[in-house]
Amino acid sequence: MVFGTMISNNELNDKFHQIIEQHKGVLFKIAKAYCQNDDDRQDLLQEMMIQVWKSLPKYNDTFAITTWLYRICLNVAISFYRKSATRQHLNIPLVEELTSIRDEESNEKQEQLSLLEKFISELNDFDKALMLLYLEDKSHSEISEIMGLSVSNVGTKLGRIKEKLKKKFSQFTS
Amino acid sequence: MNENELKLLWQSANEKLESSLQVNKKNTDEITRLKAKNVLASMKPVKVMTLIVGFVWVIGLGSILGNLIANHLGEASLFFLLSATIQVLLTAIAIVVYVYQLALINSIDFSEPVLTIQEKISKLKISTLNVTRLLFLQLPIWTTFYWNDKMFVAENWLLWILQGMVTILFTLVALWLFFNIKYENRNKKWFQWIFRGKEWQPILQSMELLNQIDNYQQQDEENASH
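Chain order of the listed sequences is A and B.
Residue numbering for the first sequence follows our numbering, starting at 4 and increasing by one per position.
Residue numbering for the second sequence follows our numbering, starting at 3 and increasing by one per position.
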């Protein structure tokens, strides 16, 4: 059933807030993978939230909310052209308070994580999306639904990307 | 580093990330008050300006031509009337096509599968090249609007030859560009030279995306055939 036909505007606002609250990590991780620059990332986060808000009345509950959300956020991230649009700058509802946490991580782990993030950022747009979904522990069938690919293609592509990353890691550590 | 270690590393870092992210209700409310952006609001000011100038040009020149055709047909040069009418028509068509394509891009439903939507957006963006093709078709008209009856007398044969060569050359170039500006020629040097400016980046980026989509779809076909 289509969401917008069932609920009032206030309920829609609450639902929007609830989705952002529950899945804030999804938005932030995608924005981080697709935008290295801080200002661009803020713009991308804003764009994603606007699209989530615009798409919410059309949300069809036969799809899992995460599938729906990943589709929107990845579509916005991939088609987001930096600074191509005139944006009305808002206060972004998501604030990262990560600096202190990162300091507590062991140096080695931190280094590995930075490497992983760097390697992911070097992938092309679709490989990046696949890798993000894989690391988020999505099943091949969920990934195929989000991406619009066959399950076997997801497996083939992921295999190649993982191989590529493994090589990069071993080059770096050797 | 093996696959499980990769996932564990990612997930442990992200658990902490999730708990450190704060959502501000007041600011999410600000997003919900945003009206859906219209086509013009999503464009760069310079593009809006170009559209306005084009629109004023079409209306202005269109009115002058209308008046000339209706009231002074016998006095005005037919070459000018014909050339200017074709120019105004081509510009008007280009503006309508451009705005229509932008409206289509803006109305896309982002909740469909990623490859489907990216293919749609990329194809739409690339199709804005059609506007450029149409505008290139105007080239020969800029060599004919100043023609007049006095030019067509026998003594002016040298002028005739020169003028004819220029017009034929412009026509050939315009037709060649019209038929050759297309996605398939994106890697040709002349194509990259014409579209080298920053304003063409979104279209070139769309071509690159479409290339990646083609690779993904080929893989799907290969998997299906095995």
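The beta carbon of each residue, even a glycine, is placed where N, CA and C say it ideally should be.
Worksheet item: Between the segment 36 to 52 of chain A and chain B, which residues of the former have a C-beta closer than 8 Å to a C-beta of the latter?
Response: Gln49, Met52
Discussion item. Is there a C-beta anywhere in chain A that falls below 9 Å from the one on Asp222/B?
Written reply: yes
Discussion item. On the CB-based measure, 16 or more other CB atoms within 10 Å of its CB, does Pro47/B come out buried or exposed?
Written reply: exposed
Practice prompt. Starting from Asn3/A, find everything on chain B with Cβ-Cβ shorter than 8 Å and list it in chain order.
Written response: What the structure shows of chain A is the stretch from 4 to 177, and residue 3/A is not part of that stretch, so it cannot be assessed.
Discussion item. Using a 10 Å radius around the Cβ and a threshold of 16 neighbouring Cβ atoms, would you call Phe219/A buried or exposed?
Written reply: Residue 219/A is absent from the model: chain A starts at 4 and stops at 177.
Worksheet item: Once you ignore the five residues that flank Val155/B on each side, which residues in its own chain have a CB closer than 7 Å to its CB?
Response: none
Discussion item. Taking only three categories from DSSP, how would you classify Tyr148/B?
Written reply: coil
Worksheet item: Cα separation between Lys18/A and Trp56/A?
Response: 10 Å
Worksheet item: Do Cys76/A and Gln54/A come within 9 Å of each other at the CB atom, strictly closer than that value?
Response: yes
Worksheet item: Do the CB positions of Gly151/A and Val116/B come within less than 9 Å of each other?
Response: yes
Item to complete: Report the neighbours of Gln103/B on chain A: residues whose CB is nearer than 8 Å to its CB, in chain order.
Response: Within 8 Å Cβ-Cβ: nothing; Gln103/B doesn't reach chain A, min ~15 Å.
Discussion item. Less than 9 Å between the beta carbons of Ala80/A and Ala132/A, yes or no?
Written reply: yes
Worksheet entry | Cα-Cα separation, Trp59/B to Ala94/B | 9 Å
Worksheet item: Since Asn16/B meets chain A, which of its residues come closer than 7 Å, beta carbon to beta carbon?
Response: Gly28, Lys32
Worksheet item: If you draw a straight line from the C-alpha of Leu212/B to the C-alpha of Ala78/B, how long is it?
Response: 49 Å
Fill in: Helix, strand or coil at Ser153/A according to DSSP, with G and I counted as helix
coil
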